[in-house]
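Participant:
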Amino acid sequence: MRAWTVDADDIRVAEDFDESLLHRTPEIDSFLTPDRDDKFIVIATKGFGKTLLLKAKRILYQRESRPGCLPTGNLLDKPIGDKIFGREALAFFAASPLPWSKLWLTAIAAAALKHVGAVDGLKVSPRLAGLIEDDRLHSVIDHFVRLLDFTPSELQRSATDTDGHLVPRLRAIKAPLAIFIDGVDEYFNKHVEVLDVSPSVTGELSPNVWYFAQLGLVEVAYQLRRINHHLKVFAAVRKEAYARLPQRTAMSQQYRGSAVDIVYSPESLREIFVNNIRLLKADRMVRPERWRTHPLEAFLGRTHVTHTYTREEEDAFDYVCRHTLLRPRDLMTIGERLTALRPEERRHEHRVKEAVNLAATEIAREYLTEIAPYVADLDLERLLGRIPGHILTPDEVEELFRDQAGRSDPRARRRAAARHPLPGASGAVGGDRPGQPSLLAAHRQGEHRRLRPALAGDGERRPRRACRCAVRPEGGRSRVRDADAIWRRRSRAEGPGGSREEVEAGRGNHRDEGR
């Protein structure tokens, strides 16, 4: 496994996996413990390593010589391609997670029973019988994709047959069997993407398909543990979808107890970054003599970075980290950019800053694409181009919002009215008082907002309006705060939940991204 692996899909076989690159938080460690199977759903937003963690679980299963894993030819079962829904099918699948639960149960039951050779003599509907008798279909996803072609009436008949004939045979399985499923969110991504394309090209679309397909899998994975403790389903689910569980079921607390939520503190992110540096050769270091004892300094050639305009010094990793969304994938992107520089180039601070800012631009553009479905029809490029500086007053934020809303159609204006004008891009300037809760139920009013460094473009660029500090009233007095200094102090002290600014900006629990 090479350093700065951005995509866990590059790990195709067990030999590609390097366990030293897997940072184990207490929750992740409990998930990977061989004799513990009470955690089987991995939840996180994009870029937090769901696929990597699921592959690690599969590989550790194999190392323990545990028989019976699906799929047999790959580490994880992932759908590929695209599914076109007609109007009737969409109405059926977009109404509730229940059809998805039935579909997943049928797919898992068919694959599991075929794997253990327990399908002889099944008396089911001709359509389901044809699926089970097709020896080209082996994995859960093989059957899942084919079941999506069934009509609603055929699916209902198959669900009845599954409950009456397949589930009793599932209960009778005596040998351990573990199933690993990933990529369901990506398979239905087009349903939550903003696409101005005719249904004749994409098929009928509904965001509910994206959510319900994942929620149905969570429900079935939980229920199967209660049917047969030998049968285990491990799956990765997007946090935005998982957050809808309380709205759909009264068992959300039980489901939550079965999930591992991937969250990293700044200290954990530092360790992840350093572990990747250790995979590089000494000749890639600026200061090779410091490679073993101080790898971060050896790689960057410095321990601190100087702000171009304020001349304040900042910890080198804090500088790197604040140009990310606190996701491991972002650190891999920045690390890859820095490694592309020759050591003699990396020796110069301005070249390091250039590489970090280029990577931050890439991260920001990808993030804006991710949140696009949740911000109505905002013209984000135009909006960001009109922002005058890193710190905005409430009046300036309101003016930007009204300008954008005035350019949208009436339906978009109604959708935008329920959202913050700078979703995921800004946070309130200030620190929490002792005992004050960090998670806020709503965006606070009457305060200055600070734009994210990655979204502001060059993190060192002087904004069009000189605006290094933010002022807000407190107890009849004004308090002046250097926004960057606040972040640097807070980031070193924050725990896994993220700071209040990070929570509001979608970096702590990605609340905006899940709307």
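First residue of the sequence shown? That's 1 in our numbering, and the numbers climb one at a time after it.
Even for Gly, the Cβ is constructed at its ideal location relative to N, Cα and C.
Measuring alpha carbon to alpha carbon, tell me which of Val305, His294, Phe92, Arg329 ends up nearest Leu269.
Facilitator: Among Val305, His294, Phe92, Arg329, the Cα nearest to that of Leu269 belongs to Arg329.
Participant: Check Val192 in the structure and name its three-state DSSP category.
Facilitator: It is coil, neither helix nor strand.
Participant: Quick one: what's got a C-beta closer than 6 Å to Val124's C-beta in the same chain, skipping five residues either side?
Facilitator: Closer than 6 Å at the Cβ level, and outside the excluded window around Val124, lie Asp161, His165.
Participant: Which same chain residues end up closer than 7 Å to Val119 when comparing Cβ atoms and leaving out the 5 residues on each side of it in sequence?
Facilitator: Counting only Cβ-Cβ distances below 7 Å, and skipping sequence neighbours, we find Leu113, Ile132.
Participant: Whose CA, out of Ile272, Leu279, Leu217, Arg302, lies closest to the CA of Ala236?
Facilitator: The shortest C-alpha separation from Ala236 is found at Leu217.
Participant: Measuring alpha carbon to alpha carbon, tell me which of Val274, Leu326, Trp291, Asn275 ends up nearest Ala282.
Facilitator: Ala282 has its Cα closest to that of Trp291, out of Val274, Leu326, Trp291, Asn275.
Participant: Under the DSSP definition of a beta bridge, which residues are partnered with Cys69?
Facilitator: According to DSSP, Cys69 bridges with Ala178.
Participant: Using only alpha-carbon positions, find the residue among Arg24, Arg136, Thr393, Gly49 that is nearest to Asp9.
Facilitator: Minimum Cα distance to Asp9 is reached at Gly49.
Participant: With a threshold of 16 other CB atoms inside 10 Å of the CB of His294, please say whether the residue is buried or exposed.
Facilitator: His294 is exposed by the Cβ-count criterion.
Participant: Assuming contact is defined by CB atoms lying nearer than 9 Å, are Glu219 and Pro97 in contact in what I supplied?
Facilitator: Contact flag set, yes.
Participant: Would you list the residues sitting across from Val42 in a DSSP beta bridge?
Facilitator: Paired residues: Ala236, Val260.
Participant: Does Thr293 come out as helix, strand or coil in the three-state DSSP assignment?
Facilitator: If DSSP states are grouped into helix, strand and coil, Thr293 belongs with coil.
Participant: Would you check if the region 333 to 348 and the region 381 to 398 touch, i.e. whether three or more CB-CB distances between them fall below 8 Å?
Facilitator: No: the two stretches stay apart, fewer than three of their Cβ pairs being nearer than 8 Å.
Participant: I need the DSSP call for His304, collapsed to helix, strand or coil.
Facilitator: Reduced to three states, the DSSP call for His304 is strand.
Participant: Leaving out five residues before and five after Glu362 in sequence, what residues of the same chain have Cβ atoms less than 8 Å from its Cβ?
Facilitator: Around Glu362: Thr333.
Participant: For Arg472 and Leu325, what's the separation of their Cα atoms in angstroms?
Facilitator: Unreliable positioning characterises Arg472 in this predicted model, as indicated by a pLDDT of 35, which lies under 50. The coordinate reading is nonetheless provided below. Approximately 26 Å between the Cα atoms of the pair.
Participant: What number of angstroms, rounded off, separates the C-alpha of Glu19 from the C-alpha of Leu300?
Facilitator: Rounded to whole angstroms, Glu19 to Leu300 spans 24 Å at the Cα level.
Participant: Within the continuous beta strand (DSSP E) that includes Asp82, where are the two ends?
Facilitator: Here Asp82 belongs to no beta strand (DSSP E), and DSSP marks it neither H nor E.
Participant: Tell me where the alpha helix (DSSP H) around Glu345 begins and ends.
Facilitator: Here the alpha helix (DSSP H) through Glu345 covers 343 to 346.
Participant: Can you give me the C-alpha to C-alpha distance between Leu215 and Asn189, rounded to a whole angstrom?
Facilitator: Straight-line Cα distance between these residues: approximately 15 Å.
Participant: Would you list the one or two residues that DSSP bridges to Glu349?
Facilitator: Answer is none; Glu349 lacks a bridge partner.
Participant: Can you tell me the Cβ-Cβ gap for Pro67 and Pro199, rounded? I've got them flagged as a contact below 8 Å.
Facilitator: Not really, about 46 Å apart at Cβ, beyond 8 Å.
Participant: So the beta strand (DSSP E) Glu313 belongs to, where does it begin and stop?
Facilitator: First-last of the beta strand (DSSP E) with Glu313: 313 to 315.
Participant: If contact is defined by three or more beta carbon pairs under 8 Å, each pair taking one atom from either stretch, is the region 16 to 35 in contact with the region 151 to 160?
Facilitator: No contact exists between the region 151 to 160 and the region 16 to 35.
Participant: On the DSSP letters alone, give me the boundaries of the alpha helix (DSSP H) that Met332 sits inside.
Facilitator: Start and end: 328 to 339.
Participant: With Tyr309 as the anchor, note down where its alpha helix (DSSP H) starts and where it stops.
Facilitator: Looking at the DSSP string, Tyr309 is not in any alpha helix (DSSP H), and its letter there is neither H nor E.
Participant: What residues are listed by DSSP as bridge partners for Asp231?
Facilitator: Checking the displayed sequence, the identity of residue 231 turns out to be Leu instead of Asp. In the DSSP output, where bridge partners are listed per residue, Leu231 has Leu177.
Participant: Would you kindly work out how many angstroms separate the C-alpha atoms of Arg322 and Ala316, rounded to a whole number?
Facilitator: Distance between the alpha carbons of Arg322 and Ala316 is about 10 Å.
Participant: Grouping DSSP H, G and I as helix and E and B as strand, with all else coil, what is Asp77?
Facilitator: Strand at Asp77.
Participant: Would you call Met251 buried or exposed, if buried means 16 or more other Cβ atoms sit within 10 Å of its Cβ?
Facilitator: Per the 10 Å Cβ criterion, exposed.
Participant: Going by CA-CA distance only, name the one from Thr339, Thr393, Glu349, Ala355 that's closest to Thr5.
Facilitator: Closest option to Thr5, Cα to Cα, is Thr339.
Participant: In angstroms with no decimal places, state the Cα-to-Cα distance between Glu366 and Pro71.
Facilitator: Cα to Cα, the separation comes out at about 31 Å.
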